Amino acid sequence: MRDKAWYPVLYMFIATAFFSSILIGLARFSRDRVEANQRLSVEKAVLEALPIELPREASSLELHRIFLERVTGPSAASGNAYVLLEGDEVAAYAVPLEGKGYWDTIRGFIGIASDKNAVTGISFYEQNETPGLGAEIVQPPFRNQFVGKRIAEGDRPLGFRPAGSALEESEVHAITGATQTSTRVEKIINEDLAGWRSGLRSNGDSGS
Amino acid sequence: MSVVKEGLWDNNPIFRQVLGICSALAVTNLVLNTAVMCFALTWTTALSCLTVSLLREWTPHRIRMMVQTLIIAFYVILVDLALKAYWPEMSRNLGPYVGLIITNCIIMGRCEAFARSNPPGKSFLDGLFSGLGYSFVLLMVAVVRELLGMGTILGVPMPYFSTLWDKWIIMVMPPGAFFTLACLIWIFRSIRSGEEEKSV
Amino acid sequence: MSLTTELWQVLVVCFSAIFTGNILLTTFLGMCPFLAVSRQVKASVGLGFAVVFVMTFTSLLNWLAYRYVLVPMELEFFRFILFIIIIATFVQFVEMVLERYSPVLYQNLGIFLPLITVNCAILGASLFMVIREYTLPVTVGYGFGSGVGWMLAIVAMAGIRQQMAVERVPKGLQGPGITLIIAGLMALGFIGFTGVLQGS
């Protein structure tokens, strides 16, 4: 049988079918989990940018519950930002950030308070920057400096200055040694905040 | 037992033949990422060799390379799926490099050279120890890079290196990988030629 | 997106694929043939051209396959196998065409084609294209740029090694050791191109 001309073809066919079906089965099985993971990482990032008290060792399920209770989805009225609700009132916005980092796309959220001026926090759920350099943007030291800053009018809501220099209330320190990442993150934040503000304005919002 | 020593030292894939470094060198800036990568590679090599060996009586000679590729791809995709589902952050960190294990010359090399003409047990061990030999070198590179470049190992700050040491940023960037590997190869080959001279 | 912004994006991606994100010096792909063939400029140029050609077209074909076959059927994980099949088939096809219609070209380039099938850079470029979600025009620019970047690296390396053939290199460093160090220095040099083009 093994010498027949059709044997290799049959063998290849059976082998491919066998291995592929196992893989397809496993892929279907894990698909839901993969999508759930993605949604959870986005929700977690939204919560981290907003002025919410999160329990210290919160499980994914707890975070998901908090998200469902307190946050509503993006809409035209909110300029495509997630909105944190205090009862029926808008407490803060989580403006989506997206753009090209040094290596790959960076995605995150920046939280702006209901006065559309004060920054409540910043978070990143997708980045692939250099560990120890650009990747420091996800670490607390970099992110904490955003809390309490105020965004300026015009097309440069937040400015980045080299570490060690004095800062205005709409400026933060860049990461030493990660000039490229810092420059790009600055650009992403400014473009997306400006876009959000004009989105709010064009939706008949009176603005502040 | 000789199979063990062969894989780990004498015929260490990287030192001896400088094979298959592409896929893993890129992630050696962090020990954790390297460890996961090496696990994926060792898993794939060992199991692929085992499977190729089990099927060796049945596989027609002319299509054996395609079949080997299929088998290797199968095990790699398993790892990729598992990472995506259970450790998505690591999956993102490793990027395309997990998939590139399929083209890693080491695995195909072991399947061709050993697995297709040897019994399953020995083939599995051969694959396992080649994979471990490869992992051993890459982990050394990673330890050097993470320690000198960030002062940590596995994310844990190390006594002298995270405080007083002036971090070598270059270790965190691509050139650091080239230099570190070159030095390790230099050291290894010097030791080996010393051994060979002594036995002559 | 307007035509000019789209065109500019293609240009930036192409530039960064050649210089700042050089597929060999930054993402470490395509090292095996790089270390082996880079002894002579002539062979390197030949291999380089072949790589540019194959990389550009396979990136394009793989994009089409991914978008119109794998995604609709929800078989994204299958891309590893499908891309390899497409690459191998394409190379085989090109080899046949060359042999038939242009013996001259076949003599100069054709012999490198089998080497290319196992070049992880080719598969790597397609995998990166998927991860970075490039559009079709950007993919072509990226494939072309990556190929040119790889060629640039290997030709430069061959030139340097030819010069160095008359220098004294320590025994342990001969061969892959010194090549890796040169590669590291080149990688260092290429990093200097960062930011030259806005967004690169």
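Going down the list, the sequences are from chains A, B and C.
For the first sequence, this note's numbering assigns the number 1095 to the initial residue and increments by one for each residue that follows.
For the second sequence, this note's numbering assigns the number -14 to the initial residue and increments by one for each residue that follows.
For the third sequence, this note's numbering assigns the number 755 to the initial residue and increments by one for each residue that follows.
Every residue, glycine too, gets a C-beta built ideally from N, C-alpha and C.
Computed from a predicted structure; not experimentally measured.
message: Spatial neighbours of A:L1141 within its chain, please: C-beta separation below 7 angstroms, excluding the five flanking residues on both sides.
response: Taking the first residue of the first sequence as 1, we reach residue 1141 of chain A at position 47. The answer, listed in chain order, is L1148, L1157, I1160 and F1161.
field: Opening and closing residue of the beta strand (DSSP E) in which A:R1201 lies
entry: Here residue 1201 of chain A is taken as the residue at index 107 of the first sequence, counted from 1. Where A:R1201 is concerned, the enclosing beta strand (DSSP E) stretches over T1199 to A1207.
message: Buried or exposed, going by whether 16 or more other CB atoms sit within 10 Å of the CB of A:E1183?
response: For this step, residue 1183 of chain A is matched to residue 89 along the first sequence. Burial is judged here by how many other beta carbons sit within 10 angstroms of a residue's own beta carbon; A:E1183 has fewer than 16 and is exposed.
field: Extent of the continuous beta strand (DSSP E) to which B:S87 belongs
entry: Within the second sequence, the letter at position 102 stands for residue 87 of chain B. Checking the sequence shown, residue 87 of chain B turns out to be Ile, not Ser. Neither: B:I87 is in no beta strand (DSSP E) and is coded neither H nor E.
field: Where C:L913 meets chain A, residues with beta-carbon distance less than 8 angstroms
entry: Within the third sequence, the letter at position 159 stands for residue 913 of chain C. According to the sequence as given, residue 913 of chain C is Gly; it is not Leu. What C:G913 touches in chain A: nothing, since even the nearest Cβ is about 29 angstroms away.
- prompt: Using the beta-carbon of each residue, which ones in chain A are nearer than 9 angstroms to B:W28?
  reply: One-based indexing of the second sequence puts residue 28 of chain B at position 43. Those within 9 angstroms of B:W28 in chain A number zero; the least Cβ separation is about 15 angstroms.
message: Looking only at its chain, what residues have a beta carbon closer than 6 angstroms to the beta carbon of B:L166, apart from the 5 residues adjacent to it on each side?
response: Looking up residue 166 of chain B in the second sequence gives position 181. Cβ neighbours of B:L166 beyond the five flanking positions: V126.
message: Please report whether the beta-carbon of C:T759 lies at a distance below 9 angstroms from any beta-carbon of chain B.
response: For this step, residue 759 of chain C is matched to residue 5 along the third sequence. No - not a single Cβ of chain B is within 9 angstroms of the one on C:T759.
Rounded straight-line distance, which links the Cα of A:E1247 to that of A:G1301: Counting from 1 along the first sequence, the entry for residue 1301 of chain A is found at position 207. Counting from 1 along the first sequence, the entry for residue 1247 of chain A is found at position 153. In this predicted model, A:G1301 has a pLDDT of only 45, less than 50, meaning its place in the structure is not dependable enough to derive any value.
task: Could you confirm whether any beta carbon from chain A is found closer than 9 angstroms to the beta carbon of C:F837?
output: As a working note, residue 837 of chain C is residue 83 in the third sequence. It does not; no Cβ of chain A falls within 9 angstroms.
- request: Check whether the Cβ of A:L1117 lies closer than 9 angstroms to any Cβ atom in chain C.
  value: By 1-based counting over the first sequence, the position of residue 1117 of chain A is 23. Yes, contact with chain C.
message: The beta strand (DSSP E) that contains A:D1214, what's its start and end?
response: As a position in the first sequence, residue 1214 of chain A is number 120, starting the count at 1. Sequence inspection shows Thr at residue 1214 of chain A; the Asp mentioned does not correspond to that position. Residues V1213 to E1220.
task: May I ask which residues mark the beginning and end of the alpha helix (DSSP H) holding C:L829?
output: Residue mapping note: residue 829 of chain C aligns to position 75 of the third sequence, counting from 1. First-last for C:L829: undefined, no H or E at that position.
field: Contacting positions in the stretch 778 to 797 of chain C - beta carbon closer than 8 angstroms to chain B
entry: Answer set for the stretch 778 to 797 of chain C: L779, T780, T781, F782, L783, G784, M785, C786 and L789.
query: With a Cβ-Cβ cutoff of 9 angstroms, do A:L1117 and C:F837 count as a contact?
result: For the purposes of this step, residue 1117 of chain A is taken as residue 23 along the first sequence, with counting starting at 1. For the purposes of this step, residue 837 of chain C is taken as residue 83 along the third sequence, with counting starting at 1. Result no, Cβ atoms of A:L1117 and C:F837 do not sit closer than 9 angstroms.
Spatial neighbours of C:T933 in its chain, beta-carbon cut-off 6 angstroms, leaving aside the 5 residues before and after: If you number the third sequence from 1, residue 933 of chain C lands on position 179. Excluding positions up to five away in sequence, the list reads L789.
query: C:V805 and C:I841: beta carbons closer than 9 angstroms?
result: Translated into positions along the third sequence, residue 805 of chain C becomes position 51. Translated into positions along the third sequence, residue 841 of chain C becomes position 87. Not in contact: C:V805 and C:I841 (Cβ atoms no closer than 9 angstroms).
- prompt: Hey, C:N776 and C:L906: beta-carbon distance below 9 angstroms or not?
  reply: In the third sequence, counting from the first residue as 1, residue 776 of chain C sits at position 22. In the third sequence, counting from the first residue as 1, residue 906 of chain C sits at position 152. In this structure, C:L906 lies closer than 9 angstroms to C:N776 by Cβ.
query: Less than 9 angstroms separating the beta-carbons of C:L801 and C:M940?
result: The sequence position of residue 801 of chain C within the third sequence is 47, counting from 1. The sequence position of residue 940 of chain C within the third sequence is 186, counting from 1. Contact flag unset, no.
- prompt: Going by the beta-carbon positions, is the gap between B:V52 and A:A1109 smaller than 9 angstroms?
  reply: Translated into the one-based positions of the second sequence, residue 52 of chain B becomes position 67. Translated into the one-based positions of the first sequence, residue 1109 of chain A becomes position 15. Yes, they are a contact pair.
task: Spatial neighbours of C:V764 within its chain, please: CB distance less than 6 angstroms, with the 5 preceding and 5 following residues excluded, ordered by chain position.
output: The residue given as residue 764 of chain C occupies position 10 in the third sequence. Taken in chain order, the residues that qualify are P891, V892 and G895.
query: Along chain B, in chain order, which residues have C-beta atoms closer than 9 angstroms to that of A:G1173?
result: Locating residue 1173 of chain A in the first sequence gives position 79, counting from the first residue. Result: empty, since nearest Cβ-Cβ is about 28 angstroms, beyond 9 angstroms.
message: With a threshold of 9 angstroms between beta carbons, is A:M1106 in contact with chain C?
response: Against the first sequence, residue 1106 of chain A aligns to sequence position 12. Not one chain C Cβ lies under 9 angstroms of A:M1106.
Element boundaries [alpha helix (DSSP H), containing B:E131]: Residue numbering aside, residue 131 of chain B sits at position 146 when the second sequence is read from its first letter. Taken as a continuous stretch (DSSP letters only), the alpha helix (DSSP H) holding B:E131 covers P105 to M135.
- request: Please name the residues in the stretch 904 to 934 of chain C whose beta-carbon is closer than 9 angstroms to at least one beta-carbon of chain B, in chain order.
  value: P924, K925, G926, L927, Q928, G929, P930, G931, I932, T933 and L934
query: Ordered along the chain, which non-local residues of its own chain (more than five positions away) have a Cβ less than 6 angstroms from that of C:C768?
result: In the third sequence, the residue the question calls residue 768 of chain C occupies position 14. Shown here for C:C768: same chain residues with a beta carbon closer than 6 angstroms to its own, the five before and five after excluded, namely G895 and G899 in chain order.
query: What is the DSSP secondary structure of B:V141, counted as helix, strand or coil?
result: The residue labelled residue 141 of chain B in the question sits at position 156 within the second sequence. Three-state DSSP puts B:V141 in a strand.
field: Residues that B:G134 contacts on chain A, provided the C-beta gap is smaller than 8 angstroms
entry: Stepping through the second sequence from its first residue, residue 134 of chain B is reached at position 149. Those within 8 angstroms of B:G134 in chain A are G1226.
message: So A:A1268 and A:S1276 are supposed to be a Cβ contact under 8 angstroms. How far apart are they, rounded?
response: Walking along the first sequence from the start, residue 1268 of chain A turns up at place 174. Walking along the first sequence from the start, residue 1276 of chain A turns up at place 182. 4 angstroms between Cβ atoms; contact.
- prompt: Is any beta-carbon of chain C found at less than 9 angstroms from that of A:A1121?
  reply: As a working mapping, residue 1121 of chain A is identified with position 27 in the first sequence. It does; some Cβ of chain C falls within 9 angstroms.
- request: Write down the C-beta distance between C:T810 and C:V845 rounded to the nearest angstrom, noting that I regard them as a contact closer than 8 angstroms.
  value: Here residue 810 of chain C refers to the residue found at position 56 of the third sequence. Here residue 845 of chain C refers to the residue found at position 91 of the third sequence. That pair is no contact at about 13 angstroms.
message: Less than 8 angstroms between C-beta atoms, sequence neighbours within five positions excluded: which residues of the same chain meet that for C:G943?
response: Within the third sequence, the letter at position 189 stands for residue 943 of chain C. For C:G943, there are no CB contacts under 8 angstroms within the same chain when 5 residues up- and downstream are skipped.
- prompt: Where does A:T1166 sit, in a helix, a strand or coil, going by DSSP?
  reply: As a first step, residue 1166 of chain A is located in the first sequence; it is residue number 72 there, counting from the start. The answer is strand: DSSP assigns A:T1166 an E or B state.
- request: For B:I176, count neighbouring Cβ atoms within 10 angstroms of its own Cβ and tell me buried if that reaches 16, exposed if not.
  value: Here residue 176 of chain B refers to the residue found at position 191 of the second sequence. By the 10 Å Cβ count, B:I176 comes out exposed.
message: DSSP has A:H1267 in a bridge; who is on the other side?
response: For the purposes of this step, residue 1267 of chain A is taken as the residue at position 173 of the first sequence. Its beta-bridge partners are A:R1255.
query: Under 9 angstroms between C-beta atoms, does A:G1301 make it to chain C?
result: The residue you call residue 1301 of chain A lines up with position 207 of the first sequence. Confidence in A:G1301 is poor, its pLDDT being 45 and thus under 50, which makes the residue's placement unreliable; the coordinate value appears in the next sentence. Cβ-Cβ to chain C under 9 angstroms: no for A:G1301.
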